[in-house]
């Protein structure tokens, strides 16, 4: 009996000795993971204003409504032929991001006065000795010395040029910059485009006023700017000129007989731009409009007193 108990105790002790020790666990606090920083989201672009083309509308007329150059409107909407629009076509009427202004006029520098320049040989050059060398000689010390002597005789050292007397530079004054398109100025120096009796004052329907006159009388620019349209493509206006004075103001001159300026031409206040007529009208008159950001304004409220 005692022997059996001793054997059981020995077996229990052997089992305890063979059991693996418990693993050691590090209970030290772990550092918190870094916070996740989200990249800022760019603001959503605002939708550009649009215009839906109605029956009979033209690109020039739509541009006039919004105070734009029709070239800008065509470029923003990828219109190849400005004379072709579809009813229901949706046009953006503001510059999309990254757009460029329409190209300006191509100018050619004027030729400077003076006699034509005559081509002459360089100084200290003997034209009788200038001959092509097509002969090839075998290389020898004597031939090399001969060629070196000929080259030295044919190319004498030129005398230093006599310095020209210094003339003080005369500063050329820069021409005054007209109040033209591309600026954000609000103020414009206005004048009457013609002298005559007001036949019809401004109204919301006419969008301008009519001024009487005789056929062929001069029509002048009411303010400095750039011609953005010159033609007869807008129904009811006849031969029309539109001048963009800055990013705020436009002026329009309708029913002319002859147009004296071209598109993209810079004009100054008081410059003659057309001759009065009766194109697309029942009498000789000038229909004159002024628009602020495309909205018609009563010209008599901004023109000086006559």
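In my numbering, the protein residues as written are -16 to 289. Beta carbons are placed, not taken as given, at the ideal position from N, Cα and C, and that holds for glycine. Values in this document were obtained by computation on a predicted structure and should not be read as measured data.
Annotated three-state conformation of residue 45 is helix, per DSSP. A straight line joining the alpha-carbon of residue 287 with that of residue 22 spans about 57 Å. Assigned with DSSP and collapsed to three states, residue 53 falls in helix. For residue 256, the enclosing beta strand (DSSP E) stretches over residues 255 to 259.
Taking C-beta separations shorter than 6 Å and ignoring five residues to either side along the sequence, the partners of residue 281 in its chain run 185, following chain order. Between residue 68 and residue 40 the beta-carbon gap is near 7 Å, inside 8 Å, which marks them as a contact.
Secondary structure note for residue 271: its beta strand (DSSP E) is the uninterrupted segment 268 to 275. Separation of the CB atoms of residue 59 and residue 75 is rounded to 5 Å, and the pair is thereby assigned contact status at 8 Å.
Residue pairing by DSSP leaves residue 197 without any beta bridge partner. Separation of residue 77 and residue 227 (C-alpha to C-alpha, rounded to the nearest whole angstrom) is 16 Å. As the crow flies, the alpha-carbon of residue 56 is around 57 Å from that of residue 15. Taking each of 50, 265 and 71 in turn and checking the Cα distance to residue 235, the smallest one comes out for 50.
In this structure, the straight-line span from the alpha carbon of residue 170 to that of residue 279 is close to 17 Å. Note on residue 276: under 16 other CB atoms within 10 angstroms of its CB, so exposed under the neighbour-count rule. Straight across, the Cα-Cα distance linking residue 284 with residue 193 is about 15 Å. Residue environment for residue 174: exposed (fewer than 16 other C-beta atoms within 10 angstroms of its C-beta).
Remark: C-beta atoms of residue 267 and residue 256 do not approach each other more closely than 9 Å. Assignment of residue 175 by DSSP, reduced to helix, strand and coil, places it in the coil class. Counting along the chain, the unbroken beta strand (DSSP E) around residue 239 starts and ends at 232 to 242. Pairing residue 203 with residue 225 gives a Cβ-Cβ distance that is not under 9 Å. Around residue 264, the same chain offers 221 and 238 as residues with beta carbons nearer than 7 Å, after the five sequence neighbours per side are excluded.
Here residue 23 carries a coil assignment [DSSP, helix/strand/coil]. For residue 209, the beta-bridge partners assigned by DSSP are 227 and 249. Cα atoms of residue 233 and residue 273: separation of roughly 6 Å, rounded to the nearest angstrom. Going by DSSP, residue 70 is part of no beta strand (DSSP E) at all; its letter is neither H nor E. Residues of the same chain with a CB within less than 7 Å of the CB of residue 65, apart from the 5 flanking positions on each side, are 42, 53 and 57 in chain order.
Taking C-alpha positions only, residue 20 is separated from residue 80 by approximately 29 Å.
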